[in-house]
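In this note's numbering, the protein residues as written are 677 to 1103.
Structure follows, in structure tokens:
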């Protein structure tokens, strides 16, 4: 065969393939996912061309209906299923379907006060001590760094700042060194240092600033009634001085009341001003401080007064752009719903923060706060009657907009495994 004939045939085939790849039926076929996840009772419709048909279905877990334009699925019972797609009569694609046990959570929106107790005492700074006419910092000279956590002194566990002073005083008077055990990230380190006597105060010092707790406010995201687990804030709590995540030994959440709002503006995020409830009743503990928020167990259910029925959740890959609402408090303890827009969403396969970009469009909230303000973190995001995530961060140069985290990852961090029958284990 002449070369020019081969080239002509090749050109015709290439053009045919290109035309086929850009055709609407092929594009629709390509967009049909290979894996679909549904909850019990949840429905999902997949647009298709008439040339695409379902040839095989094991119908134990999924109900399927097919028309010329769509495939409609409904989760029947927990488990896995599959079906095969044909294109113009040729089997070409297998689609796996995973049906999850029905999962519902109570939405939050309440303003909560947060108190974290660190694992040991946190080093937040160095300072110079005037001792024998010289300025020294024994802690800095011993190599102790900002963000280090003092967990033990002379082998004895340190729980709070009050535990430190007796060791320092005794070592200073007896001219003995202290053996310090430190936690630095995931490393365990040791240091030795000799306290020095302050010429003015006549007391012994380490030359370190330390702290054993942190407090603030945030917003409750969800509560799961069977396990009594909750999630709040949607982001990690970091120390204000070291900027490092606080390693939690324990903590508590209490009810709080919003007393005022500092309105946000470009370059200066606003803030909710709030106070802890008068009786400081502890409504839950804090066991985890993670990039996805704080988590623990509630002592008793708490109502938000606006959506007091459990809502189904939406997985990360099912969130869509468009209208939604957030639940939050702007005055007192009244939870209200405000309109937002999901500008973009990332269908994440693995846990990650900043899964959504959202924009406040509610005139009332814009007038009151200017958009997203500090203390609003954790406000639940509701779309189509389902919980999809929580507000996490505000854009500094545009307080009307910010990030959200998918609720799927917050549930995971709370220890609620939506992919297994976790609720039976917890009950």
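Just so it is clear, CB atoms sit at the ideal spot from N, CA and C, and this is done for glycine as well. Model, not experiment: these values are computed from the prediction.
With distances taken between CA atoms, residue 1074 lies nearest to 1042 out of 1082, 1005, 868, 1042.
Assignment of residue 843 by DSSP, reduced to helix, strand and coil, places it in the helix class.
Apart from sequence neighbours up to five positions away, the residues of its chain that approach residue 1023 with a beta-carbon distance below 7 Å are 992, 993, ordered along the chain. With respect to residue 893, residue 965 sits apart: the two C-beta atoms are not nearer than 9 Å. For a cut-off of 8 Å, the C-beta gap from residue 731 to residue 773 is around 15 Å, too long to register as a contact. In the three-state scheme derived from DSSP, where H, G and I count as helix and E and B as strand, residue 1083 is classed as helix. In the DSSP assignment, residue 736 falls outside any beta strand (DSSP E) and carries neither an H nor an E.
Residue 1072 is classed as exposed because its beta carbon has fewer than 16 other beta carbons within 10 Å across all chains shown. If the five residues before and after residue 910 are omitted, its C-beta is found closer than 6 Å to the C-beta atoms of 969, 1053, 1054, 1066, 1068, 1081, all from its own chain and listed in chain order.
In this structure the stretch 809-818 does not touch the stretch 913-932; the number of beta carbon pairs closer than 8 Å is below three. A contact is defined here as three or more CB-CB pairs under 8 Å, and the stretch 836-855 fails this definition with respect to the stretch 752-770.
Assigned with DSSP and collapsed to three states, residue 1076 falls in strand. Taking C-beta atoms under 8 Å as the contact rule, residue 948 and residue 937 qualify, at a distance of about 6 Å. A Cβ-Cβ separation of about 6 Å places residue 905 in contact with residue 973 under the 8 Å criterion.
With a contact defined as Cβ atoms closer than 8 Å, residue 815 and residue 884 qualify at about 4 Å. Nearest neighbour of residue 829 by Cα position, chosen from 1090, 1091, 859, turns out to be 859.
Measuring C-alpha to C-alpha distances from residue 954 to each of 788, 1029, 971 identifies 788 as the nearest. Within a 10 Å sphere around the beta-carbon of residue 782 sit 16 or more other beta-carbons, which makes this residue buried. Annotation: the continuous alpha helix (DSSP H) that includes residue 1043 extends over 1039-1045. Taking C-alpha positions only, residue 1085 is separated from residue 712 by approximately 18 Å.
Judged by DSSP in its simplified three-state form, residue 977 adopts coil rather than helix or strand. Scanning its chain for C-beta atoms nearer than 6 Å, with the 5 sequence neighbours on each side dropped, one finds around residue 888 the residues 794, 797, 836, 837, in chain order.
For residue 851, the three-state secondary structure derived from DSSP is coil. Straight-line measurement puts the Cα of residue 857 at about 6 Å from the Cα of residue 827.
Straight-line spacing of the CA atoms in residue 817 and residue 996 works out to 55 Å.
Take the alpha-carbon of residue 801 and the one of residue 822: they are about 6 Å apart. Distance from the CA atom of residue 843 to the CA atom of residue 929, rounded to whole angstroms, is 32 Å. Around the C-beta of residue 1095, fewer than 16 other C-beta atoms lie within 10 Å, and the residue is accordingly described as exposed. For residue 729, same chain residues with a beta-carbon under 6 Å away, outside a window of 5 residues either side, are 762 in chain order. The C-beta of residue 1093 has fewer than 16 other C-beta atoms within 10 Å across all chains shown, which makes the residue exposed.
In the structure shown, residue 992 adopts helical secondary structure according to DSSP, grouped into three states. In the structure shown, residue 927 falls within a strand segment according to DSSP collapsed to helix, strand and coil. Short of 6 Å from the beta carbon of residue 946, and not among the five residues preceding or following it, lie these beta carbons of its own chain, in chain order: 938, 939, 940, 1045, 1046, 1049. Less than 9 Å divides the Cβ of residue 950 from the Cβ of residue 933.
Within a 10 Å sphere around the beta-carbon of residue 861 sit fewer than 16 other beta-carbons, which makes this residue exposed. Leaving aside the five residues that flank residue 710 on each side, the residues in its chain whose CB is nearer than 8 Å to its CB run, in chain order, 769, 770, 771, 772.
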